[in-house]
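If you count by our numbering, then the sequence shown holds residues 10 to 296, one letter each, in order.
All residues carry an ideal CB built from backbone N, CA and C; glycine is no exception.
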Amino acid sequence: MANDQGGNAVPPEGIDLEHPTAARVYDWLLGGTANWAIDREFGARTVERFPLLRDIALANRLFLHRAVRHLVGLGVRQFIDVGAGIPTMGNTHQIADEADPATKVVYVDNEPVAVAHSKILLETQGDPARHAAIQADLREPDELWEAVEATGVLDFSEPVALLLVAVLHFQQLRRGTDVGPLSVQRLRDLLPSGSYLILSHTTYEGVPAPLYQNLVDLDELYQSSANPVHWRPQQEIRELFGDFELIEPGMTWTPLWHPEDSSPNSPIIGFDAPEESVILVGVGRKP
Numbered sequence: 010m011a012n013d014q015g016g017n018a019v020p021p022e023g024i025d026l027e028h029p030t031a032a033r034v035y036d037w038l039l040g041g042t043a044n045w046a047i048d049r050e051f052g053a054r055t056v057e058r059f060p061l062l063r064d065i066a067l068a069n070r071l072f073l074h075r076a077v078r079h080l081v082g083l084g085v086r087q088f089i090d091v092g093a094g095i096p097t098m099g100n101t102h103q104i105a106d107e108a109d110p111a112t113k114v115v116y117v118d119n120e121p122v123a124v125a126h127s128k129i130l131l132e133t134q135g136d137p138a139r140h141a142a143i144q145a146d147l148r149e150p151d152e153l154w155e156a157v158e159a160t161g162v163l164d165f166s167e168p169v170a171l172l173l174v175a176v177l178h179f180q181q182l183r184r185g186t187d188v189g190p191l192s193v194q195r196l197r198d199l200l201p202s203g204s205y206l207i208l209s210h211t212t213y214e215g216v217p218a219p220l221y222q223n224l225v226d227l228d229e230l231y232q233s234s235a236n237p238v239h240w241r242p243q244q245e246i247r248e249l250f251g252d253f254e255l256i257e258p259g260m261t262w263t264p265l266w267h268p269e270d271s272s273p274n275s276p277i278i279g280f281d282a283p284e285e286s287v288i289l290v291g292v293g294r295k296p
């Protein structure tokens with residue numbers, strides 16, 4: 010997949026170069042190269058106004074790694090990564106395969122570049138019987154679910170872990186309304202019994218006062234992007250789990266969720282306090 014960092018000015022088909030996108034900016038924050046000048050310029054502005062943003066993105070990514078390892082340890086072997094973004098810094102199937110090479114993963118995103126990169130990665134590092142990448146929209150949960158089923162990768166008679174990591178704080182707009190919570194409710198309904206929901210979401214509640222202003226600034230910046238944001242209060246984030254029972258330690262800040270599941274090679278993040286991560290996380294189990 011070409012990008013202008015390599016001097017190739019021809020964008021992939023369907024790419025939006027008029028606006029920075031969440032997937033490409035996140036890739037840039039994590040040190041990836043699957044981004045374009047408009048994304049890097051936007052990312053640089055966000056980091057200038059919010060210096061901790063790179064550490065926040067990294068802490069969120071490391072939570073994904075720990076949650077996947079933890080659920081494999083609990084016997085889960087199937088994962089649907091919705092809003093997976095562009096492959097970067099330890100992808101879900103790579104982390105899962107390290108824990109058990111029999112795991113299965115379907116990546117889902119509505120960003121054409123993210124899906125194209127995922128497909129290329131899986132062609133060289135994946136197994137078509139166990140891995141797939143599809144383009145689908147979280148705002149259309151039934152169509153998304155049908156597309157996942159159509160891959161033939163997953164067995165829905167067995168539990169599945171649904172990842173919604175750093176997705177729902179980007180507005181899922183339909184006719185001006187954020188339908189994200191309704192989509193999550195529908196996906197919860199579709200999951201088999203014994204399945205899990207892995208979720209992370211930015212909040213402005215409980216964060217240090219200077220970071221509260223940083224989040225206000227970031228909100229303003231993202232209004233000009235392809236993915237405007239919406240920071241939910243803690244109770245609204247908890248409600249996204251519905252009647253799923255949160256496993257220990259419940260809903261908490263990214264660095265506090267099962268740090269014992271970290272890789273020995275995990276980078277060190279320089280937060281003075283866990284709430285500086287500004288992202289709440291949790292894993293819930295369907296009855």
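Here D90 is bridged, per DSSP, to Y116 and L172. Cβ neighbours of S234 within its own chain (closer than 8 Å, five residues either side excluded): H28, P29, T30, A31, V34 and F51. By the C-beta criterion, the segment 49-63 is judged not to be in contact with the segment 77-88, since fewer than 3 inter-stretch pairs fall below 8 Å. In the structure shown, the three-state DSSP call for G82 is helix.
Scanning its chain for C-beta atoms nearer than 6 Å, with the 5 sequence neighbours on each side dropped, one finds around P237 the residues Q180 and Y231, in chain order. In its own chain, leaving out the 5 sequence neighbours on each side, no residue places its CB closer than 7 Å to the CB of E269. As the crow flies, the alpha-carbon of P190 is around 6 Å from that of L249. With fewer than 16 other beta carbons inside 10 angstroms of its own, G203 counts as exposed.
Cβ-Cβ distances below 6 Å link I288 to N69, S209, T211 and T263 in the same chain, with the five nearest sequence neighbours on each side left out; the list follows chain order. L173 is positioned such that its CB atom lies closer than 8 Å to that of G92. Runs of the beta strand (DSSP E) lying entirely within the segment 167-229 and spanning at least 3 residues, in chain order: 170-174 and 205-211. Here the alpha carbons of L171 and P201 stand approximately 11 Å from one another. Cβ-Cβ distances below 7 Å link L39 to A66, L67, R70, T97 and M98 in the same chain, with the five nearest sequence neighbours on each side left out; the list follows chain order. According to the DSSP assignment, R294 belongs to the beta strand (DSSP E) that extends over I288 to R294. DSSP, read as helix, strand or coil, puts I143 in strand. Rounded to the nearest angstrom, the Cβ distance from S127 to A108 is 20 Å, too far for a contact under 8 Å.
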